[in-house]
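Peer 1:
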Amino acid sequence: HTSVEVGVAGGVVRVGGHSAVLDLLETRHSEGIVLGSPWLEDGELHLPVSLSAAHYPSHPTVTVTVPLTGQTVSITILPLVSSCRAPTGFMSALVTDLLVYYQSVLSIIVAIVAAVYITKTLLAKPPSPKPAPPPAPAVTSPASPPEQTQEAGSPYLWTVDNSPIYGSPIFRRSPPTQPRNLAQFSYN
Numbered sequence: 103h104t105s106v107e108v109g110v111a112g113g114v115v116r117v118g119g120h121s122a123v124l125d126l127l128e129t130r131h132s133e134g135i136v137l138g139s140p141w142l143e144d145g146e147l148h149l150p151v152s153l154s155a156a157h158y159p160s161h162p163t164v165t166v167t168v169p170l171t172g173q174t175v176s177i178t179i180l181p182l183v184s185s186c187r188a189p190t191g192f193m194s195a196l197v198t199d200l201l202v203y204y205q206s207v208l209s210i211i212v213a214i215v216a217a218v219y220i221t222k223t224l225l226a227k228p229p230s231p232k233p234a235p236p237p238a239p240a241v242t243s244p245a246s247p248p249e250q251t252q253e254a255g256s257p258y259l260w261t262v263d264n265s266p267i268y269g270s271p272i273f274r275r276s277p278p279t280q281p282r283n284l285a286q287f288s289y290n
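Using the working numbering, the first residue of the sequence shown is number 103, and each one after it goes up by one.
1) With DSSP as the reference, please indicate the residues paired to P150 in a beta bridge.
2) Please state whether the Cβ-Cβ distance between V168 and I177 is less than 8 angstroms.
3) Go through its chain and collect everything with a Cβ distance to S184's Cβ below 7 angstroms, but skip five positions before and after it.
4) To the nearest angstrom, how far is the alpha carbon of L203 from that of S209?
5) By how many angstroms is the C-alpha of Q205 removed from the C-alpha of P150?
6) Taking C-beta to C-beta, are V123 and V115 nearer than 8 angstroms?
7) Output yes or no for whether 8 angstroms exceeds the beta carbon distance between G91 and G118.
8) Does the Cβ of I214 have 16 or more other Cβ atoms within 10 Å, making it buried, or fewer, making it exposed?
9) Taking the alpha carbon of S160 as the point to measure from, which residue in L196, E143 and S132 has its own alpha carbon closest?
10) Taking the beta carbon of L196 as the centre, do at least 16 other beta carbons fall within 10 Å, making it buried, or is it exposed?
11) In the DSSP assignment, the alpha helix (DSSP H) including T163 goes from what residue to what residue?
12) Do the CB positions of S152 and G112 come within less than 8 angstroms of each other?
13) Which one or two residues does DSSP pair with E133 in a beta bridge?
14) Pick from A156, L180 and L127: whose alpha carbon is nearest that of L147?
15) Of the residues R130, A226 and P237, which one's Cα is nearest the Cα of V175?
16) For P162 versus G191, is the C-beta spacing smaller than 8 angstroms?
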């Protein structure tokens with residue numbers, strides 16, 4: 103036979119021939135299979151073969167060569183259908199993966215819950231403070247005359263020399279001035 107069926111438990115490739123030739127055989131294999139230690143039994147060389155991949159895009163092979171004659175035989179390994187995972191639906195695959203990786207899933211869920219809790223506590227609006235009572239009118243002593251240069255009803259802030267304070271709505275910035283030459287040259 104030039105093909106051997108191999109399942110989860112593995113299989114055996116049997117090569118028959120003269121015992122002197124069987125001792126000289128060289129074996130090679132493709133990816134996805136592992137060869138065990140061979141033994142002679144009943145005039146046949148037994149090569150244990152086991153599957154090492156989860157999926158096989160093509161059939162793996164075992165090549166047996168007699169170096170003295172150059173004779174080569176390729177044996178195709180046929181993974182049994184029962185050894186491959188049966189195709190499942192999306193939900194069952196999702197549940198299976200969740201069960202396999204439950205520690206990672208739990209860690210992610212705990213991190214999400216902690217982030218939501220912290221965010222809600224930090225961003226919770228504090229109760230609005232009660233409005234401050236209006237300021238009491240200032241009592242001025244009758245001995246000093248008031249020194250206001252602006253009428254009392256003005257909503258703007260003014261300094262003693264009657265110039266507006268920065269931030270007052272009528273304050274206008276002065277136009278930009280030319281940059282000063284900050285480099286100083288001295289040729290003395």
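Where is the CB? At the ideal position from N, CA and C, for every residue including glycine.
Peer 2: Let's see:
1) Against the sequence shown, residue 150 aligns to sequence position 48. Note: P150 is bridge-paired with V114 in the DSSP secondary-structure output.
2) Position 66 of the sequence shown, counted from the first residue, corresponds to residue 168. Position 75 of the sequence shown, counted from the first residue, corresponds to residue 177. The beta carbons of V168 and I177 sit no closer together than 8 angstroms.
3) To locate residue 184, count along the sequence shown from 1; it is residue 82. Interpretation of S184 is limited by its pLDDT of 48, a score under 50 that renders its predicted location unreliable; the figure taken from the coordinates is listed afterwards. Scanning its chain for C-beta atoms nearer than 7 angstroms, with the 5 sequence neighbours on each side dropped, one finds around S184 the residues G109, in chain order.
4) As a working note, residue 203 is residue 101 in the sequence shown. As a working note, residue 209 is residue 107 in the sequence shown. Checking the displayed sequence, the identity of residue 203 turns out to be Tyr instead of Leu. Rounded to the nearest angstrom, the two C-alpha atoms are 10 angstroms apart.
5) Here residue 150 refers to the residue found at position 48 of the sequence shown. Here residue 205 refers to the residue found at position 103 of the sequence shown. Straight-line Cα distance between these residues: approximately 37 angstroms.
6) On the sequence shown, position 21 is the one that residue 123 refers to. On the sequence shown, position 13 is the one that residue 115 refers to. Contact flag unset, no.
7) In the structure displayed, the chain extends from 103 to 290; residue 91 sits before or after that span and is not available.
8) Locating residue 214 in the sequence shown gives position 112, where the first residue counts as 1. By the neighbour-count criterion, in which a residue is buried when 16 or more other Cβ atoms sit within 10 angstroms of its Cβ, I214 is exposed.
9) In the sequence shown, residue 160 corresponds to position 58, counting from 1. Residue S132 holds the alpha-carbon nearest to the alpha-carbon of S160 among L196, E143 and S132.
10) As a first step, residue 196 must be located in the sequence shown, where it is residue number 94. Burial is judged here by how many other beta carbons sit within 10 angstroms of a residue's own beta carbon; L196 has fewer than 16 and is exposed.
11) Stepping through the sequence shown from its first residue, residue 163 is reached at position 61. Judged by DSSP secondary structure, T163 falls outside any alpha helix (DSSP H) and instead within the beta strand (DSSP E) spanning T163 to T167.
12) The residue labelled residue 152 in the question sits at position 50 within the sequence shown. The residue labelled residue 112 in the question sits at position 10 within the sequence shown. The beta carbons of S152 and G112 sit closer together than 8 angstroms.
13) For the purposes of this step, residue 133 is taken as the residue at position 31 of the sequence shown. E133 is not bridged to any residue.
14) Position 45 of the sequence shown holds residue 147. Looking at the Cα atoms, L127 is the closest of the given residues.
15) Residue mapping note: residue 175 aligns to position 73 of the sequence shown, counting from 1. If we check each option's Cα against that of V175, R130 comes out closest.
16) Residue 162 sits at position 60 when you count from the first residue of the sequence shown. Residue 191 sits at position 89 when you count from the first residue of the sequence shown. No, they are not a contact pair.
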